[in-house]
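**Student:** Residue numbers (our numbering): 65 to 418.
Note that CB positions come from ideal geometry on N, CA and C, so glycine has one too.
One structure follows; several queries about it will come next.
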Amino acid sequence: MTYKKNILITGGAGFIGSHVVRLFVNKYPNYRIVNLDKLTYAGNLKNLTDIEKKDNYTFVKGDICELDDMIALFETYDIDGVIHLAAESHVDRSIKDPFTFARTNVMGTLALLQAAKIKWGGNFSGKRFYHISTDEVYGALAFDGTMFAETTKYDPHSPYSASKASSDHFVRSYHDTYGLPTVVSNCSNNYGPYQFPEKLIPLFINNIRHGKPLPVYGKGENVRDWLYVEDHARAIDLIFHEGKTGETYNIGGFNEWKNIDLIKVMIQTADRILGNPEGTSDKLITYVTDRAGHDLRYAIDASKLNRELGWEPSLQFEEGIEKTIRWYLEHQEWMDEVTSGEYQNYYENTYSNR
Ligand code: NAD
Ligand code: DAU
């Protein structure tokens, strides 16, 4: 079959990537979706069992840092669009192991840009390289009502955000220097199904379920803006198709929460769903040493995306968090396979024999 577009989605076995892959595979049967993922600890093909047999879906295990492999991939699948999500994504890990973040997020993005430049050979008509980034590149805000705009100066603090900032700069440099048709978006904290339980929300839901301590960094006063992951995926779809080349779009939920307040909502909701008497899990809150360099507050102004492309979050936070907590509690098998490491056998057991 000839496809209208051949789209490479990197990091499609991860949290956000799996939602983007699912959306594109289902919504665009006339596109071939190639999911390229290294399957690091964060890659889980069990996130995609519902679409893995669809004709327009192909999984390729590979590393974005391997330039020759990326060039071969572009050639094999005649790639004309890239949605680049593959990355090391966890701030705490970046503090312990910054080199892996520089390799994947900086050198990997550079290899992918170079592969696109080489294979598209200066004929960029109908081509698009879309880089997914984070609000963390903008630094930290005070409690003063200000927000990050697309024009806010970059000021990354963690090795993770420094690596993402560097990759964003490389993407823009390929646009400005070689004319590569790039677009970038910077999004706030995502939440929803299939997130690796090292991140606040799935970790805490799982710990509540098992009566384990909830490690609150510092005083729990840091503020994050939360967006339901499917709303991010919808924004990515829109920007991929309608965003202006060379532009940057901020994506966010207009939904700021102090960590401790969010944690209390999670406890209340989970206790109710689990049938525990109110207040049962309050005792699990444990204040621990703060994250080094912990950014105080993030808040993203996503009004450009609303104004220019008509996007807005579809889900109210109360609805989204209830849905998310229910999902994790009802998908204990998914969580158990992740926490036991069993999920990592799925590729060998299933894909390598195909
Ligand atoms: P994730 O950690 O859940 O998934 C990352 C995926 O990338 C995994 O499947 C992993 O196997 C893959 N990967 C890692 N290194 C690779 C390599 N060298 N080659 C190929 N694949 C590799 O991450 P996520 O939370 O889904 O984030 C996806 C993207 O969105 C990242 O670029 C992240 O910076 C960005 N982002 C995340 C959030 C968030 O709240 N999670 C918010 C804004 C932006
Ligand atoms: O803002 C977008 C970013 O959001 C993405 O770019 C990152 O990939 C993503 O991981 C996320 O980064 P955060 O560091 O904000 O997410 P995390 O879930 O790790 O932490 C959320 C907040 O909760 C943060 O203030 C730290 C705090 N926290 C986190 C953990 C894991 C705790 O208090 N205790 C914890 O155990």
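Inspect the CB distances between the stretch 383-403 and the stretch 224-231 and report whether three or more fall short of 8 Å.
**Tutor:** Result no; under three Cβ-Cβ pairs closer than 8 Å.
**Student:** Looking at residue 88 and the ligand NAD, is the gap between the Cβ and the nearest heavy atom below 7 Å?
**Tutor:** Taking the sequence shown and counting its residues from 1, the one referred to as residue 88 is at position 24. False, no ligand heavy atom lies under 7 Å from that Cβ.
**Student:** Based on the DSSP secondary-structure assignment, which residues constitute the bridge partners of residue 288?
**Tutor:** Here residue 288 refers to the residue found at position 224 when the sequence shown is read from its first residue. 321.
**Student:** For the stretch 344-358 against the stretch 288-298, do three or more pairs of beta-carbon atoms, one drawn from each stretch, fall closer than 8 Å, so that the two count as touching?
**Tutor:** The answer is no - the stretch 288-298 does not touch the stretch 344-358, with fewer than three Cβ pairs under 8 Å.
**Student:** Helix, strand or coil: how does DSSP classify residue 216 here?
**Tutor:** Start at 1 with the first residue of the sequence shown, and residue 216 comes out as number 152. Looking at residue 216 - three-state DSSP - the assignment turns out to be coil, as it is neither helix nor strand.
**Student:** Rounding to the nearest angstrom, what Cα-Cα distance links residue 102 and residue 198 in this structure?
**Tutor:** Locating residue 102 in the sequence shown gives position 38, where the first residue counts as 1. Locating residue 198 in the sequence shown gives position 134, where the first residue counts as 1. Spanning the two alpha carbons is a distance of roughly 21 Å.
**Student:** Could you tell me the boundaries of the alpha helix (DSSP H) in which residue 230 lies?
**Tutor:** Taking the sequence shown and counting its residues from 1, the one referred to as residue 230 is at position 166. Taken as a continuous stretch (DSSP letters only), the alpha helix (DSSP H) holding residue 230 covers 223-242.
**Student:** For the putative contact between residue 123 and residue 194, defined by C-beta atoms under 8 Å, what is the C-beta separation to the nearest angstrom?
**Tutor:** What you label residue 123 is simply residue 59 of the sequence shown in a count that begins at 1. What you label residue 194 is simply residue 130 of the sequence shown in a count that begins at 1. So it is not a contact: roughly 20 Å between Cβ atoms.
**Student:** Tell me the residue span of the beta strand (DSSP E) that contains residue 248.
**Tutor:** The residue you call residue 248 lines up with position 184 of the sequence shown. That run of the beta strand (DSSP E) goes 246-251.
**Student:** May I ask which residues mark the beginning and end of the alpha helix (DSSP H) holding residue 82?
**Tutor:** Along the sequence shown, one-based indexing puts residue 82 at 18. Segment 79-91, the alpha helix (DSSP H) holding residue 82.
**Student:** Here's the rule: buried if 16 or more other CB atoms are within 10 angstroms of the residue's CB, otherwise exposed. What is residue 148?
**Tutor:** For this step, residue 148 is matched to residue 84 along the sequence shown. With 16 or more Cβ atoms within 10 Å of its Cβ, residue 148 is classed as buried.
**Student:** Assuming the contact rule is C-beta atoms closer than 8 Å, residue 365 and residue 204 should be a hit. Round their C-beta distance to whole Å, please.
**Tutor:** Here residue 365 refers to the residue found at position 301 when the sequence shown is read from its first residue. Here residue 204 refers to the residue found at position 140 when the sequence shown is read from its first residue. Actually they do not touch by this definition, with Cβ atoms about 15 Å apart.
**Student:** Just to confirm, are residue 348 and residue 206 a CB contact at a threshold of 8 Å?
**Tutor:** Working through the sequence shown from its first residue, we reach residue 348 at position 284. Working through the sequence shown from its first residue, we reach residue 206 at position 142. Taking 8 Å as the Cβ cut-off, residue 348 and residue 206 do not qualify as a contacting pair.
**Student:** Relative to the alpha-carbon of residue 127, which residue among 168, 117, 302 has its alpha-carbon at the smallest distance?
**Tutor:** For the purposes of this step, residue 127 is taken as the residue at position 63 of the sequence shown. Ranking the options by Cα distance to residue 127, first place goes to 168.
**Student:** Report the CB separation of residue 72 from residue 89 in whole angstroms; it is logged as a contact under 8 Å.
**Tutor:** Looking up residue 72 in the sequence shown gives position 8. Looking up residue 89 in the sequence shown gives position 25. With 8 Å as the limit, residue 72 and residue 89 do not qualify as a contact, their Cβ atoms being about 13 Å apart.
**Student:** Is residue 103 close to the ligand NAD? I mean its beta-carbon at under 7 Å from any heavy atom of the ligand.
**Tutor:** In the sequence shown, the residue the question calls residue 103 occupies position 39. Yes; taking the cut-off as 7 Å, the Cβ of residue 103 has a heavy atom of the ligand NAD nearer than that.
**Student:** Under the three-state reduction of DSSP, which class applies to residue 67: helix, strand or coil?
**Tutor:** Residue numbering aside, residue 67 sits at position 3 when the sequence shown is read from its first letter. Correct three-state label for residue 67: coil.
**Student:** Identify every residue that forms a DSSP beta bridge with residue 148.
**Tutor:** Indexing the sequence shown from 1 puts residue 148 at position 84. 74, 195, per the DSSP bridge assignment.
**Student:** Is it right to say residue 406 is buried, meaning 16 or more other beta carbons lie within 10 angstroms of its own, or is it exposed?
**Tutor:** Counted from its first residue, the sequence shown places residue 406 at position 342. Flag for residue 406 reads exposed.
**Student:** Nearest-angstrom Cα distance between residue 358 and residue 282?
**Tutor:** Within the sequence shown, the letter at position 294 stands for residue 358. Within the sequence shown, the letter at position 218 stands for residue 282. Cα to Cα, the separation comes out at about 9 Å.
**Student:** Buried or exposed, going by whether 16 or more other CB atoms sit within 10 Å of the CB of residue 5?
**Tutor:** An answer regarding residue 5 cannot be provided, because it is not within the stretch 65 to 418 covered by the chain.
**Student:** Start and end of the beta strand (DSSP E) containing residue 96?
**Tutor:** Numbered from its first residue, the sequence shown carries residue 96 at position 32. 95-101 is the extent of the beta strand (DSSP E) around residue 96.
**Student:** Could you have a look at residue 115 and say whether DSSP puts it in helix, strand or coil?
**Tutor:** As a working mapping, residue 115 is identified with position 51 in the sequence shown. Three-state DSSP puts residue 115 in coil, outside helix and strand.
**Student:** Over the uninterrupted alpha helix (DSSP H) stretch that includes residue 164, give me the two end residues.
**Tutor:** For the purposes of this step, residue 164 is taken as residue 100 along the sequence shown, with counting starting at 1. Its alpha helix (DSSP H) spans residues 162-165.
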